[in-house]
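Numbering (the working numbering), first residue to last: 5 to 131. Beta carbons are placed, not taken as given, at the ideal position from N, Cα and C, and that holds for glycine. On a predicted model such as this, the values are computed, not experimentally measured, just so you know.
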């Protein structure tokens, strides 16, 4: 079953994560997840890639966000993160781990900011 995600996500650098238990992300003291609002609902894409003996799943998501602060831009530009999405049914989906984080590229636009998330995972998102 394909998940449909709401138009916001929470994000933190993978280096701030101490552990992940189910939908709970434990962070270093004084750290918290940043909430990013987007202009559209989010869609995760995934395709299986062949790489010799170890195939992997290339996962990606593009989010056009409302303008973020300069501090958020600096914090997440070209870094590795853990992202938490909410489905339109109210379920929480955590994407990325401390060991296999999500890579994010952030591009500033006139009317907002574009986040491009990518991850190469040994396991698929949709099981």
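With residue i as the anchor, note down where its alpha helix (DSSP H) starts and where it stops.
i: residue 113; result: Run containing residue 113: none; DSSP gives neither H nor E here.
i: residue 76; result: 74 to 80
Considering residue i, what are the terminal residues of the beta strand (DSSP E) in which it resides?
i: residue 29; result: 28 to 31
i: residue 50; result: 49 to 53
i: residue 90; result: 83 to 91
i: residue 98; result: 96 to 99
Using three-state DSSP, classify residue i as helix, strand or coil.
i: residue 18; result: helix
i: residue 59; result: coil
i: residue 37; result: coil
i: residue 11; result: strand
i: residue 127; result: coil
i: residue 24; result: strand
i: residue 66; result: strand
i: residue 107; result: strand
i: residue 118; result: strand
Might you give, ordered along the chain, the residues of its own chain that have their beta carbon closer than 7 Å to the beta carbon of residue i, omitting 5 neighbours on each side?
i: residue 131; result: Per-residue confidence for residue 131 stands at a pLDDT of 41, beneath the threshold of 50, marking its modelled position as unreliable; no derived number is given.
i: residue 68; result: 42, 43, 44, 116, 118
Find out if the Cβ-Cβ distance for the pair residue i, residue j is shorter than 9 Å.
i: residue 23; j: residue 102; result: yes
i: residue 46; j: residue 9; result: yes
i: residue 86; j: residue 105; result: yes
i: residue 107; j: residue 84; result: yes
i: residue 39; j: residue 99; result: no
Going along the chain, which residues of its own chain have a beta-carbon closer than 6 Å to the beta-carbon of residue i, five neighbours each way excluded?
i: residue 53; result: 60, 62
i: residue 97; result: 89
i: residue 121; result: 65, 106, 108
Considering only residues of the same chain and omitting the five flanking positions on each side of residue i, which have a CB-CB separation below 8 Å?
i: residue 37; result: 14, 15, 16, 29, 31, 88
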